[in-house]
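Peer 1: Before we start, here is the structure in question, set down as structure tokens.
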Amino acid sequence: MEASSSVHGQPRWNSPHWLREAFQQAKESWDEGGLPIGAVLIDAEGRVVARGHNERVQSGDPTSHAEITCMRHAGRRRDWNTLTLVTTLSPCAMCTGATILFGIPRVVIGENLTFQGREDWLEQQGVEVIRHRDADCIALMRRLQHERPDLWREDIGLPPQG
């Protein structure tokens, strides 16, 4: 674990280190022609235990959101209640539901300007929500909205324009 990511051996959940890890996942999806959303799960010692990015386009599976893919990569676990989910974009209702179902106590969000997910549900269930206004996350989502507007609209459940 990098020294900049901990204080007295405890992870700093507002550290940009983990958000960079999630952003790398978002860039990977973008480079594959997919939606640029990424996520990582961090354990109590500050180690990345799983990574994932949105694979809806790549797999044709509408449930393959970044957070869900990351949780799938984490596999069967008994320590969900000690993990932190770091995601580049505010989680949608489905991803929020999975987070609550597994009892993940903390979610770090890269940005919620381009899409406001169900952060309210997370907070109502006692999940700690840490919000960033990360310029890279915002810029990549705005690029998606500009360059691939129909894909963006599909992802958020809106019909194509025109």
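Position one of the sequence shown corresponds to residue 229 (our numbering), numbered consecutively onward. Backbone N, C-alpha and C define an ideal beta-carbon position, used for all residues, glycine too. Treat the numbers as computed from the prediction; the structure is a model and nothing was measured.
1. Can you tell me the Cα-Cα spacing of Val268 and Thr291, whole angstroms?
2. Could you pull out every unbroken alpha helix (DSSP H) segment of at least 4 residues lying fully inside the segment 245-303, listed in chain order?
3. Suppose you measure from the CA of Gln344 to the CA of Ala250; what does that come to, to the nearest Å?
4. Per the contact definition of three or more C-beta pairs closer than 8 Å, is the segment 277-292 in contact with the segment 344-354?
5. Between which residues of its own chain and Gln238 is the CB-CB distance below 6 Å, once the five residues before and five after are set aside?
6. To which residues does DSSP link Thr315 through a beta bridge?
7. Would Pro388 be called buried (16 or more neighbouring beta carbons within 10 Å of its own) or exposed?
8. Tell me which residue opens and which closes the beta strand (DSSP E) that Ile384 is part of.
Peer 2: Let me lay it out:
1. By 1-based counting over the sequence shown, the position of residue 268 is 40. By 1-based counting over the sequence shown, the position of residue 291 is 63. Near 17 Å, if we compare the C-alpha coordinates of Thr291 and Val268.
2. 284-287, 294-302
3. By one-based count along the sequence shown, residue 344 stands at place 116. By one-based count along the sequence shown, residue 250 stands at place 22. Computed Cα separation, rounded: 18 Å.
4. no
5. Within the sequence shown, residue 238 is the residue found at index 10, counting from 1. Confidence at Gln238 is low in this model, with a pLDDT of 49, below 50, so the placement of that residue is unreliable and no value is reported for it.
6. Here residue 315 refers to the residue found at position 87 of the sequence shown. Looking at the DSSP assignment, Thr315 forms a beta bridge with Ala267, Ile337.
7. In the sequence shown, counting from the first residue as 1, residue 388 sits at position 160. Exposed, since its Cβ has fewer than 16 Cβ neighbours within 10 Å.
8. One-based indexing of the sequence shown puts residue 384 at position 156. Run containing Ile384: none; DSSP gives neither H nor E here.
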